[in-house]
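Step one of this worksheet: look at the structure below.
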Amino acid sequence: MELLAKALRADALALLHTDPDTFLALDGQVRGFAASATSLFFRHIYLQRERVSFLDLRAQGETTSLLSDYTDGRLEREPRYVEVYRPHHLRHEMRACLVAGRGYWGGLCAARGDDAADFDRSDRRLVERLAPQLGAALRRARLVQGATSCLEGKGSAEAAVLVVDRMGGAVLWQTASAAGVLEELFDTALSRNRADPLPLALRSLVASAGRSRSFDREPAAWELTVQGRSGRWWTASLLAMSEVMEAGVGCPRDAVAILLAPARPASTLRGIAWAYDLTEREAEVLELVACGLGTGEIASRLWVTPYTVQDHLKHIFAKLGVSSRRELMARIFHLESPLERAFAPGDRG
Numbered sequence: 010m011e012l013l014a015k016a017l018r019a020d021a022l023a024l025l026h027t028d029p030d031t032f033l034a035l036d037g038q039v040r041g042f043a044a045s046a047t048s049l050f051f052r053h054i055y056l057q058r059e060r061v062s063f064l065d066l067r068a069q070g071e072t073t074s075l076l077s078d079y080t081d082g083r084l085e086r087e088p089r090y091v092e093v094y095r096p097h098h099l100r101h102e103m104r105a106c107l108v109a110g111r112g113y114w115g116g117l118c119a120a121r122g123d124d125a126a127d128f129d130r131s132d133r134r135l136v137e138r139l140a141p142q143l144g145a146a147l148r149r150a151r152l153v154q155g156a157t158s159c160l161e162g163k164g165s166a167e168a169a170v171l172v173v174d175r176m177g178g179a180v181l182w183q184t185a186s187a188a189g190v191l192e193e194l195f196d197t198a199l200s201r202n203r204a205d206p207l208p209l210a211l212r213s214l215v216a217s218a219g220r221s222r223s224f225d226r227e228p229a230a231w232e233l234t235v236q237g238r239s240g241r242w243w244t245a246s247l248l249a250m251s252e253v254m255e256a257g258v259g260c261p262r263d264a265v266a267i268l269l270a271p272a273r274p275a276s277t278l279r280g281i282a283w284a285y286d287l288t289e290r291e292a293e294v295l296e297l298v299a300c301g302l303g304t305g306e307i308a309s310r311l312w313v314t315p316y317t318v319q320d321h322l323k324h325i326f327a328k329l330g331v332s333s334r335r336e337l338m339a340r341i342f343h344l345e346s347p348l349e350r351a352f353a354p355g356d357r358g
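Residue numbers (our numbering): 10 to 358.
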């Protein structure tokens, strides 16, 4: 982060690590932002409808964008500038999508102060060259160092339920087991400050639902799988408030319920498939192998020949750097994902 800030002559830098399935934030790192600005910054990404979002950039096939370009120099047209940048004497912004393989692994935001020049074409070219490497580093963040089982982990595996304010994120009610789960999920780079009542991953999930018109009709579609500090994977699912109210919990109109439960193997394996850039069919084969099915059984399930399954397995073995099913199982069930390790000095992956 320090070297990147120097190369871009940036006064503030934010790196967002996202889930490639949903583009919901899992973690992030910031440099140069005041503590009061950090929460606002990430809230704008998910709670407010920006004029040009990271997803818009991705959809348009663009890697970078400048705040001054898409506002035609009228920066006050972007609420993020008015509420986050201007009060902290920041004026110029460049954003970048961080893609690796078929996955969108995060976003980069660089900002300069009032007394600095705007980012120019040479700055954009530099970031466009670096973006694939940064995306690959974020992808490696799920894969580097550690031998904690991604399915078992340590500590309590008891599910928990929280009721939170959909717009503000305040916790209104929680089960007794929720404190332990939240402690697991708070241990990320942007969650250690505890200035917010929820870890970043849960804040992004709730905020996205809060601005969605379809959430009230389809709450079950909102789900995110995230890894805790013990190595255990958790699935956060939003519940219809009617399910919680039946349990005798009184809820205000703008509340939303979150179920936190140990992740099912399929949810965990989906994240691993993204991290190793497996195709959709390879991901299906990986899941069936993890369930203990043989080549013939997998062929029957997928309506393909055993030779096709063997070809998929060869590609999976090559991508994961293994030579047998036994090595494959050892690899996928012993992963850990500290974000800081992916960007540690001297780490070349």
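Ideal Cβ placement from N, Cα and C applies to all residues, glycine included.
Query, Result
"Enumerate in chain order the residues of its own chain whose CB-to-CB distance from residue 86 is below 6 Å, with the five nearest sequence positions on each side excluded.", "80"
"Taking contact to mean at least 3 C-beta pairs separated by less than 8 Å, is the stretch 169-181 in contact with the stretch 133-146?", "no"
"Please report the straight-line C-alpha distance between residue 78 and residue 115, rounded to a whole angstrom.", "22 Å"
"Give the secondary structure of residue 313 by DSSP, where H, G and I count as helix, E and B as strand, and everything else as coil.", "coil"
"Going by DSSP in three states, residue 26 sits in which element: helix, strand or coil?", "strand"
"Answer yes or no: do residue 22 and residue 119 have a C-beta to C-beta separation smaller than 7 Å?", "yes"
"Pick from 234, 102, 317, 288: whose alpha carbon is nearest that of residue 82?", "102"
"Out of 245, 128, 240, which has the shortest C-alpha to C-alpha gap to residue 16?", "128"
"Using a Cβ-Cβ cutoff of less than 7 Å, which residues in the same chain neighbour residue 13 once the five nearest sequence positions on both sides are dropped?", "22"
"Does residue 303 pass the burial test, meaning 16 or more other C-beta atoms within 10 Å, or should it be called exposed?", "exposed"
"Let me know the secondary structure DSSP gives residue 273 once reduced to three states.", "coil"
"For residue 271, count neighbouring C-beta atoms within 10 Å of its own C-beta (all shown protein chains included) and say buried if the count is 16 or more, exposed if not.", "buried"
"Starting from the C-beta of residue 336, find all residues in its chain whose C-beta is less than 7 Å away, skip the five residues before and the five after it, and write them out in chain order.", "none"
"Can you pull the DSSP bridge partners for residue 38?", "24"
"Quick test of your reading: residue 194 and residue 237, contact by CB under 8 Å. State the CB separation rounded to the nearest angstrom.", "6 Å"
"For residue 307 and residue 171, which I take to be in contact (beta-carbon distance under 8 Å), what is that distance rounded to the nearest angstrom?", "About 39 Å; that fails the 8 Å criterion."
"Measure the alpha-carbon distance for residue 154 versus residue 130 and round it to whole angstroms.", "Unreliable placement is indicated for residue 154, whose pLDDT of 33 sits below 50; no coordinate value is reported for it."
"Please look up how many angstroms separate the CB atoms of residue 26 and residue 147, rounded, as I've assumed it's under 8 Å.", "5 Å"
"Please report the Cβ distance between residue 28 and residue 233, rounded to the nearest whole angstrom; I am assuming they are in contact, meaning their Cβ atoms lie under 8 Å.", "6 Å"
"Are residue 121 and residue 20 closer than 7 Å when you measure CB to CB?", "yes"
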